[in-house]
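Visitor: Quick one: the structure is below, and I'll ask about it shortly.
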Amino acid sequence: MILVLLGTQDKPFNRLLDAILKEINKGNIKDKVIAQIGSTVFESDKIKTFDFIDKQEIKELICKAKFIITHAGVGTITDCIRENKKVIVVPRIKKYGEHTNDHQLEITKEFALKKYVLPVYDVKNLSKALKEIKDFKPNKYESNNDNFKELVKGYIDKL
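Residue numbers (my numbering): 29 to 187.
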């Protein structure tokens with residue numbers, strides 16, 4: 029099963045779902061596809077969709093998934109890579125009305141730079157990523173939370 033996660037953004041992300049459907053129709057995706065679509069309006073008999081479910085149910089789906097295709101939400105990406113899952117990240121883009129700015133491009137670049145995820149900046153390249161994901165060996169995720177906590181603690185201690 030391939031899991032698609034669009035997050036909780038109040039803007040639609042049909043561009044990604046349309047690209048996935050195209051890959052299913054071309055035969056490049058043969059696995060069952062389940063998609064958390066949030067506020068996006070989308071119907072297909074080839075993709076099982078749901079709006080929102082609780083975090084534990086999402087975690088269970090992440091664990092069961094062969095790999096994940098997701099928007100560039102930090103929480104979503106880290107939830108997936110903490111479970112050692114292969115992840116294709118497609119950032120939401122402002123010019124398509126998918127977000128209010130392009131911060132998801134920067135998020136995608138950072139995670140890709142560390143080789144945690146496969147980035148897809150243009151959905152025309154999804155088919156290439158679907159081929160690459162089979163052999164993709166993501167780096168093991170290393171959280172930076174401890175360093176961040178020490179920085180904040182040091183700052184507070186100076187006050």
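For each residue, glycine too, the CB sits at the ideal point set by N, CA and C.
In this text, all values refer to a predicted model and were calculated from it rather than measured experimentally.
Within a Cβ cutoff of 8 angstroms, which residues of the same chain sit near LYS143, ignoring the five residues on either side of it in sequence?
Guide: Position 115 of the sequence shown, counting from 1, holds the residue named residue 143. Same-chain partners within the cutoff: PRO166, ASN167.
Visitor: Residues in the same chain with beta-carbon distance under 6 angstroms from PRO147, minus the five sequence neighbours each way, listed in chain order, please.
Guide: One-based indexing of the sequence shown puts residue 147 at position 119. So the list reads VAL117, THR136, ALA140, once near-sequence residues are dropped.
Visitor: Compare the Cα-Cα distances from VAL151 to each of SER171, GLU170, LYS186, ARG120 and report the closest residue.
Guide: The count along the sequence shown starts at 1 and reaches residue 151 at position 123. Minimum Cα distance to VAL151 is reached at ARG120.
Visitor: Rounded to the nearest angstrom, what separates LYS39 and ILE97 at their Cα positions?
Guide: Residue numbering aside, residue 39 sits at position 11 when the sequence shown is read from its first letter. Residue numbering aside, residue 97 sits at position 69 when the sequence shown is read from its first letter. Looking at the two C-alpha atoms, the distance is approximately 18 angstroms.
Visitor: Going by C-alpha to C-alpha distance, which of ASP107, PHE95, THR104 sits closest to LYS162?
Guide: Position 134 of the sequence shown, counted from the first residue, corresponds to residue 162. Nearest C-alpha to LYS162: PHE95.
Visitor: Can you grab the Cα-Cα spacing for the pair LEU154 / LEU34, in whole Å?
Guide: On the sequence shown, position 126 is the one that residue 154 refers to. On the sequence shown, position 6 is the one that residue 34 refers to. The alpha-carbon atoms of LEU154 and LEU34 are separated by roughly 16 angstroms.
Visitor: CB-CB under 6 angstroms to VAL61, same chain, minus the five flanking residues each way: which ones, in chain order?
Guide: In the sequence shown, the residue the question calls residue 61 occupies position 33. In chain order, ILE30, ILE75 place their CB closer than 6 angstroms to the CB of VAL61, counting only its own chain and leaving out the 5 sequence neighbours on each side.
Visitor: Name the residue from HIS99, THR36, ILE86, GLU85 whose alpha carbon lies nearest to the alpha carbon of LEU45.
Guide: On the sequence shown, position 17 is the one that residue 45 refers to. Nearest of HIS99, THR36, ILE86, GLU85 to LEU45, Cα basis: HIS99.
Visitor: Would you mind reading off the limits of the alpha helix (DSSP H) that contains LYS76?
Guide: What you label residue 76 is simply residue 48 of the sequence shown in a count that begins at 1. Here LYS76 belongs to no alpha helix (DSSP H); instead the beta strand (DSSP E) covers 76 to 78.
Visitor: Counting only the same chain and skipping the five closest in sequence on each side, list residues whose C-beta sits under 8 angstroms from that of ILE105.
Guide: The residue you call residue 105 lines up with position 77 of the sequence shown. Annotation for ILE105: THR98, VAL115, VAL117, ILE135, PHE139, TYR144, VAL145 place their beta carbon closer than 8 angstroms to its own, counting only its chain and skipping 5 residues before and after.
Visitor: Of all the options LEU89, GLY55, ALA157, which has the alpha carbon lying nearest to the alpha carbon of ALA63?
Guide: If you number the sequence shown from 1, residue 63 lands on position 35. Taking only the C-alpha atoms, the option nearest ALA63 is LEU89.
Visitor: Nearest to LEU133 by CA position, among PHE41, TYR149, SER171, is which residue?
Guide: For the purposes of this step, residue 133 is taken as residue 105 along the sequence shown, with counting starting at 1. Nearest C-alpha to LEU133: TYR149.
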